[in-house]
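Read through the structure below, which is laid out as structure tokens, and then see the notes.
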Amino acid sequence: MIDEDDRRLQRKPSRLDYLASKGQKLDIRAHQRTYQGAYVRTCLGCLSFSLLVMKLFSREFMPLGMVYQIYALVLCLASYLRSRNLDLYFINFNDPNWYNNYEVVQTEAEPQSSEDVQGSDKYYYKTSGNIVLWLTVVGILCYIVLFVLLARM
């Protein structure tokens, strides 16, 4: 029998256990370091700058600090969502039901069914283009708001 202390100390299986090769696990860990590292570091930098602006300068600069705080929170949210859903970006074409399990946009170059894909280690990696576009739009909007706020001072 496993007592309560041993059950509490058991390690849960990783979400990455289904990946076949060590290279894929290494790629996933590198992406996790990127999204939990670079995005969070940028988020903390923006938050610290916003606190600096809000504490050191007069009340007139409070909206500028708030813009940086909102930008930092959006970065933090993007980092969390991207790192949480990272394992969804690898599609195993060897699974007979891969086509039904993932949202894949059909183009002329893509296969019609799972039987059309041959090979043992074929995986599809979806890039982070959507998040990059959203962060670009949010960044541009923040700069526009900053320019408007500075022009009104």
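Numbering (our numbering), first residue to last: 1 to 153.
Here a beta-carbon is modelled for each residue, glycine too, at the ideal position from N, C-alpha and C.
Under the three-state DSSP convention, the category residue i falls into
i	result
Met62	helix
Met153	coil
Phe57	coil
Buried or exposed by the 16-neighbour rule on C-beta atoms within 10 Å, applied to residue i
i	result
Ile144	exposed
Val159	Since the first residue of the chain shown is 1 and the last is 153, residue 159 is not available in this structure.
Arg82	buried
Leu64	buried
Ala72	buried
Spatial neighbours of residue i in its chain, beta-carbon cut-off 8 Å, leaving aside the 5 residues before and after
i	result
Leu135	Val74, Leu75, Ala78
Alpha-carbon spacing of residue i relative to residue j, whole angstroms
i	j	result
Arg29	Leu44	21 Å
Leu51	Glu60	14 Å
Met66	Phe57	13 Å
Asp27	Val138	28 Å
Arg152	Leu47	23 Å
Ser120	Arg41	Per-residue confidence for Ser120 stands at a pLDDT of 42, beneath the threshold of 50, marking its modelled position as unreliable; no derived number is given.
Met54	Val148	18 Å
Residue i CB to nearest heavy atom of the ligand ADP below 6 Å
i	result
Ala38	In terms of ligand content, the structure shown is empty, and the ligand ADP therefore cannot be addressed.
Cβ-based neighbour list, residue i, same chain, cut-off 6 Å, excluding 5 preceding and 5 following
i	result
Gln69	Ser50
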